[in-house]
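Numbering (our numbering), first residue to last: -17 to 74.
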Amino acid sequence: MAAYIIVGFTPKDMELLQEYSAKAASTISEFEGEFLAKSIPQPLNSKEHPEYQAIISFPTREKAEGWYLSSQYQGLVSIRDKAMESNFQLVG
-17 MAAYIIVGFT PKDMELLQEY SAKAASTISE FEGEFLAKSI PQPLNSKEHP
33 EYQAIISFPT REKAEGWYLS SQYQGLVSIR DKAMESNFQL VG
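So, in structure tokens, the structure goes:
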């Protein structure tokens, strides 16, 4: 069953965010992940929402967790946390 990581984020440093985004994207394919969407969300029933959201698809929950916990991705967490406020959720 497919699994999805939904990321809500608000940028803090756009230059660092660009660096993080490029590096993080290069780690996803090893786990058969694919970006499905990245945009400003349109709230349907909530007044509070992150500035941006992204959805990453993986073929299984194990692949999604494997990506997030991988040394390749975890090595980027310090850049991520300086670049943006974020919330990662795994569904599926």
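For glycine and all other residues, C-beta sits at the position ideal for the given N, C-alpha and C.
message: With distance defined between alpha-carbon atoms, name the residue in Ile10, Glu1, Gly48, Ile38 nearest to Phe17.
response: Ile38
query: What first and last residue would you give for the alpha helix (DSSP H) that runs through Lys5?
result: -4 to 10
message: I'd like the span of the alpha helix (DSSP H) that includes Ser60, first residue to last.
response: 59 to 65
message: Checking 8 Å against the spacing of the C-beta atoms, do Ala(-16) and Gly48 come in under that value?
response: no
- request: Could you have a look at Leu72 and say whether DSSP puts it in helix, strand or coil?
  value: strand
query: From which residue to which residue does the beta strand (DSSP E) around Ser39 run?
result: 34 to 40
- prompt: Alpha carbon to alpha carbon, what distance is there between Asn69 and Pro23?
  reply: 14 Å
- prompt: Between the C-alpha atoms of Ser52 and Gln35, what's the straight-line distance to the nearest angstrom?
  reply: 22 Å
message: Classify Gly15: buried if its beta carbon has 16 or more other beta carbons within 10 angstroms, exposed otherwise.
response: buried
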